[in-house]
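Below is one structure, written out as structure tokens; comments come after it.
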Amino acid sequence: MPSLADAAPWALDPGVQLPDSGLVTQKLELVDVNNDGFVDIVFANCSGDTNGGPQSAQPNQLLINNGMEPGFTQLDAVFEDADNAYVIKAGDVDNDGDADLVVGVNYTGQSYALINEGNNEFTRQDIAASANKSIGDLELGDVDGDGDLDIVATDWGSSQPYGDPVDQGASLHLWLGNGDGTFDNGDTNLPMGMATWSSYSFDIELVDVNNDYALDVLVSNRGVGFGFGLQNDGSGIFTKLTVPALEVNIAKQVNAAFTPTDLNGDGFIDLITLQDGVGQGGNCIEIMNVQYCAKRNSVLINNGIGNYPTDNQGSYWAIVNNPAKLDFDAATLDFNNDGRPDFVATGLRLGPNDKNSRLFLNKNGTAVEPASVPLDAAFPIVPELAQTFGLQFADFNHDRREDVALASRDAALPNFVLFGREDPTDGVAVDTREPRIYDDGFAAKLGTLLFFGQDAGIEARVDDYKTPVRWHDFMIDTGLASLNLTGDGATLTAHNRRLPYMEFALGLADPQELVTMADDDPKKFIAPSIWFGEALWRVNFVVPYAGSKTDTLTWQYCAIDAAENRVCVGPFSVELQVDPEDCGDGVVQEWETCDSDSATCVLCDETCGNGTCDPNETPENCPDDCGPNPCDNDGACEPPENAENCPDDCDYDGVCGDDICQNPPETPENCPDDCGPCDNDEACEPPEDAMNCPDDCDYDGFCGDNECQEPENGTNCPEDCGGDPTEGSCGNGVCDPSETVTSCPEDCAVCGDGICTEPPESRESCPVDCGGNSASDGECPDTAGGVDGQCQLDDDGCGCVAEPEGGTRGLWASLLLFGVFGVRRFRKRA
């Protein structure tokens, strides 16, 4: 190659040759068709020009990127039959998250969609309304806002040769997508009389020219008529848009193509137009029996209200830098990482050393100028690149530098992929610039108030400074589906691309928490956008409910390009509430307990069952709360019993079920929820155990194990200790009503009752009753040597206690006997 070729920013890799055998490419498309993260190439091939037919049909090509092994492999099975395809565009026409292909066929052919089934397999779906049409170009976009991609296409008609003075032309076409890969005829949405407006169009663009997020139409022209526009009313109904810069003079009636982009950064789409300026006499060439004459290009600056009043306003593209050329395509990129779109224009070479592919840099949004020599020659000036008819940029080899695919409109010349050169002086720099999110009032896009369970969303314009905008402009993210995705785009992630997205979280005290929150944080929601044309994206999601009827939603909108440069706009906060109008729609939402016109459903909250007979409740509509007679008179206040409907059970402070055993009146029998199985009778009776009744079960054993162990007795455990708790059991340690000190001294004898009961009492164990002197019992003489009432040492058997030396009874015994300490016979109680 000549030395100049070595200095071009993009260069050929000798090891990467594209398969091509006598094919004439009309257009190319880039798409990651198999979702592996590497960009593939599609070529639409046809040898026809102003005339064509079956003899001009050629097979199209799908070339699969080999990934980290440089090169591309053609999938022959995708395009088995030759046709007259003039354009192939990629988009998700069946709403399954991967890219399908739409093929526009010229020369009264049949256009069709190839539905991507995965594993590099496709199913052909003919577009019925396209039969016998001559499609020169088409674009995909959702023009009617129903969420499905539609097709707008130019038709050359059947009056060959095309573009001559008597060419009758044909109308534009609109095919409305059904979301399953099929399309209906929507031509009635277009204005009548378009057949002669543009009879020979190489390029059509869907562009939102007035920033209402509805796709308008721009149509180029190379034959009878002029370039024109159509204005979309937002529902897919179009009217003619007069574009003064395209219609002011005869010279502007011819233009080869539009490249839409925002050159001056004002948020409105400007246009690079090709071959619509004045010519340069005699500078013509003949290709495929057609003569082409060079003309200058132009820049049309949007006036901020959706139109283009002036050609090359303020000499935006100065004549000295804009000689007459045969340019047929231009594509944008941010070549120098300054946050402004630059572009490369390419076309047919006018002479052996003609720079037919030039790099233009955006100068602060006020002008475009050629890059300094030698960079103004974007591609090598070699014979193989003399007929470049189309180009698109992408990073094919993942080195973060933009590469380029080129289509040659010449059977003798192959198509090429050129790679960005790594050179600090005249190479392609690594992409370090984040994508561009147009901030057209983002803070207000979601408003200030949202309602739980309702649809919400925004529309945005986002690009990586490249035209056209495609999925592969953004980061490959094979883990996307594992994140907390929400919204319409949540299930459309087969493409494995982190498309522009909204992220949000509920209930954040500080909105800045969202900025540092990890993507896999369970509190963060990610709502992927859906592309719907041009650089436009749509996010729709249902506002989640997190348990509180008032909340906040903190959000921001982000984009990450293929080189992993990230940018976000936000964060912003929105108040969340329950929509009062939702109540009564017949659907019980998360925040509702009912949704009906029932008397017990008040503002979608069910009152029946709350334990209170409310004014709106009756025994008929709410027997649980209001009767007919909830009172069971068991001594415990069990809801729905209350002080009004059951005063006898509810005459204490509390209710059964409040986890407090209020005894009385609550017991294990009438309120087991509060009082449990424990009866505190000192015997461990199953189901009592050490956990639920520690006071009764603090000994080794339990009532019913056939072993009478303290504190078990005949009353609290007759099974083990015998006896009848109503009749008493002598020896059980309790002086039962049927027992006396005579019948059962073991249980009923009390030391100090004045009676020495042996056993169990003795002089040693109870000297008060059984030792020394004692007063006379008043019934028998004390014959031990004293008078009655003054027993001597020996007792006569009448209950006298021997008096100790000193002759008189101790004071303490007298006090004890005569009640100073209240000694009496008693009965033990369990």
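Heads up: the sequence shown begins at 1 in the UniProt record's numbering, then just goes up one per residue.
Glycine included, each C-beta is placed from N, C-alpha and C at the ideal position.
Bear in mind that the values here come from a model prediction, so they are computed numbers and not experimental data.
**Q.** Unbroken beta strand (DSSP E) run spanning T516, endpoints
**A.** Taking the sequence shown and counting its residues from 1, one reaches residue 516 at position 516. Careful: T516 lies outside any beta strand (DSSP E), inside the alpha helix (DSSP H) at Q512 to T516.
Q.
If the criterion is Cβ atoms closer than 8 Å, does the pair R433 and N565 meet it?
A. For the purposes of this step, residue 433 is identified with residue 433 of the sequence shown, where counting begins at 1. For the purposes of this step, residue 565 is identified with residue 565 of the sequence shown, where counting begins at 1. Against a cut-off of 8 Å, the Cβ pair of N565 and R433 comes out as a contact.
Q) So which of A559, I530 and D510 has the shortest CA-CA distance to T552? A) Start at 1 with the first residue of the sequence shown, and residue 552 comes out as number 552. Checking every option, the nearest Cα to that of T552 belongs to D510.
Q. I think L361 touches F335, with their Cβ atoms under 8 Å apart; what is that distance to the nearest whole Å?
A. Looking up residue 361 in the sequence shown gives position 361. Looking up residue 335 in the sequence shown gives position 335. Contact holds; Cβ gap of about 7 Å.
Q) Which class does E641 belong to by DSSP, given the choice of helix, strand or coil? A) For the purposes of this step, residue 641 is taken as the residue at position 641 of the sequence shown. Three-state DSSP puts E641 in coil, outside helix and strand.
Q.
Below 7 Å, is the gap between the Cβ of D597 and the nearest heavy atom of the ligand MG?
A. The ligand MG is absent from the structure shown, which contains no ligands of any kind.
Q: Just the C-alpha distance for N415 and A407, rounded to the nearest angstrom, thanks.
A: One-based indexing of the sequence shown puts residue 415 at position 415. One-based indexing of the sequence shown puts residue 407 at position 407. Between N415 and A407, the C-alpha separation is close to 5 Å.
Q. For N221, which residues of its own chain have a beta-carbon under 6 Å away from its beta-carbon, when the five flanking residues on both sides are left out?
A. In the sequence shown, counting from the first residue as 1, residue 221 sits at position 221. Same-chain partners within the cutoff: S198, S201 and G227.
Q.
Could you tell me the alpha carbon to alpha carbon distance between A775 and C748, rounded to whole angstroms?
A. Indexing the sequence shown from 1 puts residue 775 at position 775. Indexing the sequence shown from 1 puts residue 748 at position 748. Any reading at A775 needs caution, since the residue's pLDDT is 43, under 50, leaving its predicted position unreliable; the model's value is listed next. For A775 and C748, the distance between alpha carbons rounds to 23 Å.
Q | Beta-carbon spacing of L413, V404 below 8 Å | A | Locating residue 413 in the sequence shown gives position 413, where the first residue counts as 1. Locating residue 404 in the sequence shown gives position 404, where the first residue counts as 1. Cβ atoms of L413 and V404: not closer than 8 Å.
**Q.** Backbone secondary structure at P623 - three-state DSSP
**A.** Residue mapping note: residue 623 aligns to position 623 of the sequence shown, counting from 1. P623: helix per DSSP, three-state reduction.
Q: Go ahead and label L536 buried or exposed: buried means 16 or more other beta carbons lie within 10 angstroms of its beta carbon, across all protein chains shown.
A: Walking along the sequence shown from the start, residue 536 turns up at place 536. So L536 counts as buried.
Q. So, helix, strand or coil for S573, using DSSP?
A. Locating residue 573 in the sequence shown gives position 573, counting from the first residue. In this structure, DSSP gives S573 an extended state, which the three-state scheme calls strand.
Q: Taking E712 and D700 to be in contact with their CB atoms under 8 Å, please state how far apart those CB atoms are, rounded to whole angstroms.
A: One-based indexing of the sequence shown puts residue 712 at position 712. One-based indexing of the sequence shown puts residue 700 at position 700. That belief does not hold up - the Cβ atoms of E712 and D700 are roughly 11 Å apart, past 8 Å.
Q.
Could you check whether the segment 339-351 touches the segment 307-317, counting it as contact only if at least three pairs of C-beta atoms, one from each stretch, sit closer than 8 Å?
A. Because the criterion of three Cβ pairs below 8 Å is not met, the segment 339-351 and the segment 307-317 do not touch.
**Q.** Beta-bridge pairing of E719 - partner residues as DSSP gives them
**A.** For the purposes of this step, residue 719 is taken as residue 719 along the sequence shown, with counting starting at 1. The partner list for E719 (beta bridge, DSSP) is empty, contrary to what the question assumes.
Q. How about F183 and A129: are their beta carbons less than 8 Å apart?
A. The count along the sequence shown starts at 1 and reaches residue 183 at position 183. The count along the sequence shown starts at 1 and reaches residue 129 at position 129. With a cutoff of 8 Å on beta-carbon distance, F183 and A129 are scored as near each other.
Q) What's the C-alpha gap between A563 and W471? A) Your numbering for residue 563 matches position 563 in the sequence shown. Your numbering for residue 471 matches position 471 in the sequence shown. In a straight line, the C-alpha of A563 is about 13 Å away from that of W471.
Q) Measuring CB to CB, does F572 end up less than 8 Å from A460? A) Residue numbering aside, residue 572 sits at position 572 when the sequence shown is read from its first letter. Residue numbering aside, residue 460 sits at position 460 when the sequence shown is read from its first letter. The answer is no: Cβ separation not under 8 Å.
Q: Confirm, please, whether the CB-CB distance from D212 to L241 is below 8 Å.
A: In the sequence shown, counting from the first residue as 1, residue 241 sits at position 241. In the sequence shown, counting from the first residue as 1, residue 212 sits at position 212. Taking a C-beta distance under 8 Å as the contact criterion, L241 and D212 do not qualify as a contact pair.
Q: Run the CB neighbour count on L603, radius 10 Å, all protein chains shown included, and call it buried at 16 or more, exposed below.
A: Locating residue 603 in the sequence shown gives position 603, where the first residue counts as 1. Residue burial is scored here from C-beta neighbours: L603 has fewer than 16 other C-beta atoms within 10 angstroms and is therefore classed as exposed.
Q.
Can you look up V543 in the DSSP assignment and give me helix, strand or coil?
A. Here residue 543 is taken as the residue at index 543 of the sequence shown, counted from 1. Residue state, collapsed to three classes: coil.
Q) Would V93 be called buried (16 or more neighbouring beta carbons within 10 Å of its own) or exposed? A) Translated into the one-based positions of the sequence shown, residue 93 becomes position 93. Classification of V93: buried, given that the 10 Å Cβ count is 16 or more.
(Q) Can you look up L18 in the DSSP assignment and give me helix, strand or coil? (A) What you label residue 18 is simply residue 18 of the sequence shown in a count that begins at 1. Correct three-state label for L18: coil.
Q: For the segment 142-211, list the alpha helix (DSSP H) runs that are entirely contained and at least 4 residues long, ordered along the chain.
A: With a minimum length of 4 residues, no continuous alpha helix (DSSP H) run stays inside the segment 142-211.
**Q.** Contacts around P191, its chain only, beta-carbon distance under 8 Å, and the 5 residues preceding and following it disregarded
**A.** The count along the sequence shown starts at 1 and reaches residue 191 at position 191. Excluding sequence neighbours, P191 sits near L230, F238, T239 and K240.
Q: Could you tell me if D20 is buried or exposed, where buried requires 16 or more neighbouring beta carbons within 10 angstroms of its beta carbon?
A: Numbered from its first residue, the sequence shown carries residue 20 at position 20. When all chains shown are included, D20 counts as buried.
**Q.** Candidates L172, C703 and S158, of which the one nearest V166 by Cα
**A.** As a working note, residue 166 is residue 166 in the sequence shown. Residue S158 is the option with its Cα nearest to V166.
(Q) I want to know whether the segment 647-661 touches the segment 686-702 - three or more CB-CB distances under 8 Å. (A) Flag = no, the segment 647-661 and the segment 686-702 do not touch.
Q. Run through DSSP, which three-state label would L508 get?
A. Here the question's residue 508 lines up with position 508 in the sequence shown. Coil.
**Q.** Same chain, Cβ closer than 8 Å to N178, neighbours up to 5 away in sequence not counted
**A.** Your numbering for residue 178 matches position 178 in the sequence shown. Excluding five sequence positions before and after N178, the CB atoms of its chain that fall closer than 8 Å to its own CB belong to D148 and D184, given in chain order.
Q.
Going by C-alpha to C-alpha distance, which of S598, E384 and D488 sits closest to V539?
A. Position 539 of the sequence shown, counting from 1, holds the residue named residue 539. Closest option to V539, Cα to Cα, is D488.
Q. Which of helix, strand or coil does DSSP assign to T612?
A. Translated into the one-based positions of the sequence shown, residue 612 becomes position 612. In the three-state reduction of the DSSP assignment, T612 falls in the coil class.
Q. Closest to Y465 by CA distance: which of A331, C717 and Q160 is it?
A. Your numbering for residue 465 matches position 465 in the sequence shown. Comparing Cα positions, the closest option is A331.
Q) Thinking just about the alpha-carbon of each residue, which of C646, G533 and V543 is nearest to the one in A527? A) Taking the first residue of the sequence shown as 1, we reach residue 527 at position 527. Nearest option by C-alpha distance: V543.
Q: For the alpha helix (DSSP H) holding L246, just list the boundary residues, first then last.
A: The count along the sequence shown starts at 1 and reaches residue 246 at position 246. For L246, the uninterrupted alpha helix (DSSP H) segment begins and ends at P244 to E247.
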